[in-house]
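Residue numbers for the sequence shown follow the numbering used here, so the first one is 54 and each next one is one higher.
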Amino acid sequence: MDALVLQFTSVTGASSVTSSVAISAVFDAAILAFALPPNICGVVRSQYNFCRSKDARRYLTKYRRLDQAVDAFYSDPQAGRPSASTSKLNSLFDKYKDRDGDDITVDGTIKLCEDLDVNPEDVVLLAVAYELKSPSMGQWSRKGWTDGWKQLGITMVNADPNDWSVRRVDTIDGFKATLATLRQQLATDTEYFRQVYNYTFEFSRPPGQRSLALDMAQGFWALLIPHGLSGGALSHITAPAGQDEDGDEHMADGAAGAGAGAHEEGWGKQHTAWWFEFLEESGTKGVSKDVWQMFLEFVRTIDAKFEKYDVEGSWPSTIDDFVEFAKQRIAGGA
54 MDALVLQFTS VTGASSVTSS VAISAVFDAA ILAFALPPNI CGVVRSQYNF CRSKDARRYL
114 TKYRRLDQAV DAFYSDPQAG RPSASTSKLN SLFDKYKDRD GDDITVDGTI KLCEDLDVNP
174 EDVVLLAVAY ELKSPSMGQW SRKGWTDGWK QLGITMVNAD PNDWSVRRVD TIDGFKATLA
234 TLRQQLATDT EYFRQVYNYT FEFSRPPGQR SLALDMAQGF WALLIPHGLS GGALSHITAP
294 AGQDEDGDEH MADGAAGAGA GAHEEGWGKQ HTAWWFEFLE ESGTKGVSKD VWQMFLEFVR
354 TIDAKFEKYD VEGSWPSTID DFVEFAKQRI AGGA
């Protein structure tokens, strides 16, 4: 058993032996024996404390054969996984933080964006702000930075246990891989989009203010709404026949409730343009939290011609007025 434990822990990155030469030798033998893919080899070599000896014994006792035990370990979402290095994350944080302060601020954020090859106005940074609990725009705390990137590493593993490229979120390359995943999730996952959308209002609102300045709100909407529409996170929902008066609990995605083969158009690019035009013409100075949050539901539920809008519903008056504005545009052939 001890010999098998040595082989198992070497393949899975354990530190059950003290000699790195011995570990490497057994690891190389295991690569040849089990034909481990190259993308796994690099990660395993760098993480010798990946699996504890007692875990190795547990898998070997259950499966008896080394190859089956190793396969079971890598297929187990609860098994140990290589985590981000706190020291590496702190070193990266120190690279970008202010010389005279404790946080990363605007200058450091711009430098970080350059290293990540991402535009500072890229929508994916709103997802990063949510994940790292950014206290305000362009600001990152050390705790939010380290805890956030570590949690993202765990999340990425759970999302795709076979994707080794994103398991170590403590390098710029690891950050880049994670951003690609976040970008896709923000476009396709309705609940995740909602979480990022709501957090955007909170972290971008000036301290002590109840509303978000109109120009800032428009800027964020211009980033978020097209992105959500492009991947389905803001897919139109329709109410099925036979629903109760409220209909809230019976909403269905797409045309599921519109009848077999039917399709109801929802919010589009033109509607966003009308929304911005309406807010500017009406002299709106700021956007309240209520309007911000309810607008998201409005975008998902309203039909393209505003024919099914419930004037008796609990929508903010701003949205009520916008519907009248939009109907006039439609009547005028806009």
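We put the beta carbon where it would ideally sit given N, CA and C, even for glycine.
**Message:** Measuring only the C-alpha atoms, how far is T253 from L178?
**Reply:** Distance between the alpha carbons of T253 and L178 is about 10 Å.
**Asked** Under the three-state reduction of DSSP, which class applies to W433: helix, strand or coil?
**Response** Since the first residue of the chain shown is 54 and the last is 387, residue 433 is not available in this structure.
**Message:** According to DSSP, is W193 part of a helix, a strand, or is it coil?
**Reply:** strand
**Asked** Okay, do the region 342-353 and the region 368-379 touch, 3+ Cβ pairs below 8 Å being the bar?
**Response** yes
**Request:** Note the first and the last residue of the continuous beta strand (DSSP E) segment covering G339.
**Result:** 339-341
**Prompt:** Hey, is W327's beta-carbon within less than 9 Å of any beta-carbon in chain E?
**Reply:** Annotation note: the requested chain E is absent from the structure, which comprises a single protein chain.
**Asked** With DSSP run on the structure shown, which of helix, strand or coil describes L265?
**Response** In this structure, L265 counts as strand in the three-state DSSP scheme.
**Prompt:** Skipping 5 residues on each side, what residues in its chain have a beta carbon closer than 6 Å to that of C166?
**Reply:** Taken in chain order, the residues that qualify are P173.
**Item:** Spatial neighbours of G191 in its chain, beta-carbon cut-off 7 Å, leaving aside the 5 residues before and after
**Value:** T158, V159, T162
**Asked** Can you tell which of T337, W198, K115, G321 has its C-alpha closest to the C-alpha of S264?
**Response** T337
**Request:** Measure the beta-carbon distance from Y320 to H289 and round it to whole angstroms, keeping in mind my assumption that it falls under 8 Å.
**Result:** Here residue 320 turns out to be Trp, not Tyr, going by the sequence shown. Their Cβ separation, rounded to whole angstroms, is 7 Å, which keeps W320 and H289 in contact under 8 Å.
**Request:** Find out if the Cβ-Cβ distance for the pair A357, H324 is shorter than 9 Å.
**Result:** yes
**Request:** Could you tell me how far apart the beta carbons of F256 and A182 are, in whole angstroms, since I believe they sit closer than 8 Å?
**Result:** 6 Å
**Item:** Outcome for F375 when other beta-carbon atoms lying within 10 angstroms are tallied against a minimum of 16
**Value:** Counting Cβ neighbours within 10 Å, F375 comes out buried, since at least 16 surround it.
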